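Protein chains in written order, with this note's numbering: chain A, 2 to 114; chain B, -7 to 106. Ideal Cβ placement from N, Cα and C applies to all residues, glycine included. Owing to the predicted nature of the structure, the values given are computational and were not obtained by experimental measurement.
In structure tokens:
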């Protein structure tokens, strides 16, 4: 039981490059989330997904796209990376039915130069 | 829109003293309020949570109180220890449509001085 797994752990991109952050959970959770964490800003919600095939915008969705491939996987894509997207990204999952805690992945530290 | 405000942003206490962190939320339909602890370089992990039908919950040295009327909730840590030093986040579960989203406060950096 691995919980929530994110890849990669670290990434450096040049401005304008694209990349996809991967996230998978093995807890049979219906809801999955992508957050970014910046100093002094807490965890800000980028996108979330309540079930396979559905996605919704969070607090800071601009510059990102997501895909809920199946119940296990939820990916975050940066089409044209900008220095303002330098951050630590966390994926999380939880069970809406039980309305309980969210479990987090280990995070991806992304630097855009 | 929905938001969660958290205060203070930093808190320094002497070992053995108590620490209190406060949060307010905007959506009166919020019904679940978790608190997370994040150590340096690690992922956030749940330390305690409370549901809207309960006013207080305790787990050893930590407790959470909820005032639904005022829309605020607080984390209380008693007999603080150096290992309590970390960043703490409050959050509120909000359901604007058919799905939940979990909105976090901006975090409190707690330093426990030995």
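Can you name the residues that DSSP bridges to residue i?
i: residue 14/B; result: -1/B and 66/B
i: residue 21/B; result: None, per the DSSP bridge assignment.
i: residue 7/A; result: 24/A
i: residue 37/B; result: 29/B
i: residue 90/A; result: 37/A and 109/A
Check whether the Cβ atoms of residue i and residue j lie closer than 7 Å to each other.
i: residue 104/A; j: residue 94/A; result: yes
i: residue 79/A; j: residue 20/A; result: yes
i: residue 29/B; j: residue 66/B; result: no
i: residue 43/A; j: residue 98/B; result: yes
i: residue 42/B; j: residue 54/B; result: no
i: residue -4/B; j: residue 84/B; result: yes
i: residue -6/B; j: residue 69/B; result: no
i: residue 65/A; j: residue 57/A; result: no
i: residue 82/A; j: residue 18/A; result: yes
i: residue 46/A; j: residue 90/A; result: no
i: residue 11/A; j: residue 110/A; result: yes
i: residue 106/A; j: residue 24/A; result: yes
i: residue 51/A; j: residue 27/A; result: no
Count the other C-beta atoms from every protein chain shown that fall within 10 angstroms of the C-beta of residue i, then say buried if there are 16 or more, exposed otherwise.
i: residue 67/A; result: buried
i: residue 9/B; result: exposed
i: residue 46/B; result: exposed
i: residue -1/B; result: exposed
i: residue 75/A; result: buried
i: residue 98/A; result: exposed
i: residue 62/B; result: exposed
i: residue 84/A; result: exposed
For residue i, would you say it is in contact with chain A, using Cβ-to-Cβ distances shorter than 7 Å as the test?
i: residue 24/B; result: yes
i: residue 77/B; result: no
i: residue 80/B; result: no
i: residue 91/B; result: yes
i: residue 65/B; result: no
i: residue 35/B; result: yes
i: residue 98/B; result: yes
i: residue 38/B; result: yes
i: residue 94/B; result: yes
If you measure from the beta carbon of residue i to each beta carbon in chain B, is any gap under 7 Å?
i: residue 105/A; result: yes
i: residue 49/A; result: yes
i: residue 63/A; result: no
i: residue 79/A; result: no
i: residue 27/A; result: no
i: residue 100/A; result: yes
i: residue 4/A; result: no
i: residue 44/A; result: yes
i: residue 97/A; result: yes
Counting only the same chain and skipping the five closest in sequence on each side, list residues whose C-beta sits under 7 Å from that of residue i.
i: residue 77/B; result: 102, 103 and 104
i: residue 6/B; result: 105
i: residue 74/B; result: 7, 104 and 106
i: residue 20/B; result: 63
What residues in its chain sit with their C-beta under 8 Å from that of residue i, if we drop five residues either side in the sequence?
i: residue 44/B; result: 22, 23, 24, 25, 58 and 60
Among residues of its own chain, excluding the 5 on either side of residue i, which ones have a beta-carbon nearer than 6 Å to its beta-carbon?
i: residue 96/A; result: 30
i: residue 13/A; result: 112
i: residue 61/A; result: 45 and 47
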